[in-house]
Amino acid sequence: MFRDNVNFLEKNDLFEQGMLALHFDRPLEAIKYLSLLEEEKNSAVSFNTALCYLKIKKYDKVLFFLEKALSEIKRNRNIEMSRDNYPELLAFEEENEAYINPMLYFTPLQFPDLAREQILRLMIDILFLLGKKEEMHKIINSLRNKNYKNVKDKISRSQKYELI
Numbered sequence: 001m002f003r004d005n006v007n008f009l010e011k012n013d014l015f016e017q018g019m020l021a022l023h024f025d026r027p028l029e030a031i032k033y034l035s036l037l038e039e040e041k042n043s044a045v046s047f048n049t050a051l052c053y054l055k056i057k058k059y060d061k062v063l064f065f066l067e068k069a070l071s072e073i074k075r076n077r078n079i080e081m082s083r084d085n086y087p088e089l090l091a092f093e094e095e096n097e098a099y100i101n102p103m104l105y106f107t108p109l110q111f112p113d114l115a116r117e118q119i120l121r122l123m124i125d126i127l128f129l130l131g132k133k134e135e136m137h138k139i140i141n142s143l144r145n146k147n148y149k150n151v152k153d154k155i156s157r158s159q160k161y162e163l164i
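When the sequence shown is numbered by my numbering, its final residue is 164 and no position is left out of the sequence of numbers.
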């Protein structure tokens with residue numbers, strides 16, 4: 001049905017509809033909208049598809065789409081973030097769990113590092129659930145200078161399991 005009406009809905013509308021469906025806990029509907037945008041090669045599309053599968057606990061699929069999202073990130077270094085209040089903003093990011101919320105369409109294009117870290121934070125959670133500790137620690141090492149709450153939690157929980 002959607003494929004016949006792709007011209008009816010603009011790409012931005014498709015993304016917005018997918019985000020709304022995801023927000024209202026309708027992952028099947030969200031996937032249908034997002035799948036129409038796969039050729040865009042936008043990390044936000046793949047990341048949000050991963051969130052759909054996270055809702056139904058299909059962790060292998062989540063991991064697949066997170067890896068796809070990582071491979072699609074475009075490096076746009078032309079946009080500088082303001083350093084005003086940067087420590088406070090960073091502290092907020094590190095402590096909150098917004099990384100499990102949908103990614104905005106332009107985030108990977110305008111803020112590729114933030115998008116990458118959002119993807120990696122969720123990958124750490126999924127790898128922990130799947131018991132893939134070695135892969136999880138490799139990703140944790142790539143975030144070594146960050147102070148993310150979920151990353152610290154996974155480190156301490158995996159160390160507890162190693163001691164047992």
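Every residue gets a Cβ at the ideal spot worked out from N, C-alpha and C, and that includes glycine.
Of the residues the options, which one's Cα is nearest the Cα of residue i?
{"i": "Leu128", "options": "Ser35, Asp153, Leu20 and Glu94", "result": "Note on identity: in this sequence residue 128 is Phe, with Leu being the wrong assignment. Ranking Ser35, Asp153, Leu20 and Glu94 by Cα distance to Phe128 puts Asp153 first."}
{"i": "Lys32", "options": "Phe24, Gln17, Val62 and Leu54", "result": "Gln17"}
{"i": "Ser35", "options": "Leu109, Phe15 and Lys61", "result": "Phe15"}
{"i": "Arg121", "options": "Leu37, Asp84, Ala30 and Val62", "result": "Val62"}
{"i": "Glu39", "options": "Glu72, Glu134 and Lys133", "result": "Glu72"}
{"i": "Leu89", "options": "Asn147, Ala30, Lys41 and Glu134", "result": "Asn147"}
{"i": "Lys57", "options": "Ala115, Ala91 and Pro27", "result": "Pro27"}
{"i": "Glu97", "options": "Phe106, Tyr59 and Glu117", "result": "Glu117"}
{"i": "Asn145", "options": "Asn85, Asp84 and Ala91", "result": "Ala91"}
{"i": "Ile100", "options": "Pro87, Leu114 and Gln110", "result": "Leu114"}
Within the same chain, show all residues whose beta-carbon is closer than 8 Å to that of residue i, passing over the 5 residues directly before and after it, in chain order.
{"i": "Phe65", "result": "Ser46, Phe47, Thr49, Ala50 and Tyr53"}
{"i": "Ile140", "result": "Ile124, Val151, Lys154 and Ile155"}
{"i": "Gln159", "result": "none"}
Grab the span of the alpha helix (DSSP H) containing residue i for me, first residue to last.
{"i": "Ala115", "result": "Pro112 to Leu129"}
{"i": "Leu20", "result": "Lys11 to His23"}
{"i": "Met103", "result": "First-last for Met103: undefined, no H or E at that position."}
{"i": "Glu97", "result": "Neither: Glu97 is in no alpha helix (DSSP H) and is coded neither H nor E."}
Using C-beta distances below 7 Å, list every residue in its chain close to residue i, excluding the 5 sequence neighbours before and after it, in chain order.
{"i": "Ala69", "result": "Ser43, Ser46, Phe47, Ala50 and Ile119"}
{"i": "Glu95", "result": "Lys149"}
{"i": "Arg77", "result": "Low confidence applies here, because Arg77 scores a pLDDT of 48, under 50, leaving its location unreliable and the question unanswered by this model."}
Since I believe residue j is in contact with residue i (beta carbons under 8 Å), could you give me their beta-carbon distance rounded to a whole number of angstroms?
{"i": "Val151", "j": "Ile124", "result": "6 Å"}
{"i": "Asp19", "j": "Pro102", "result": "A small correction: the amino acid at residue 19 is Met; Asp does not occupy that position in the sequence shown. With 8 Å as the limit, Met19 and Pro102 qualify as a contact, their Cβ atoms being about 5 Å apart."}
{"i": "Leu37", "j": "Lys11", "result": "6 Å"}
Can you give me the Cβ contacts of residue i inside the same chain, cut-off strictly under 6 Å, excluding the 5 residues immediately before and after it?
{"i": "Met136", "result": "Ile124, Leu127 and Phe128"}
{"i": "Arg157", "result": "none"}
Review point. What are the start and end residues of each continuous alpha helix (DSSP H) run of 4 or more residues lying completely inside the stretch 33 to 58, in chain order?
Key: 43 to 55
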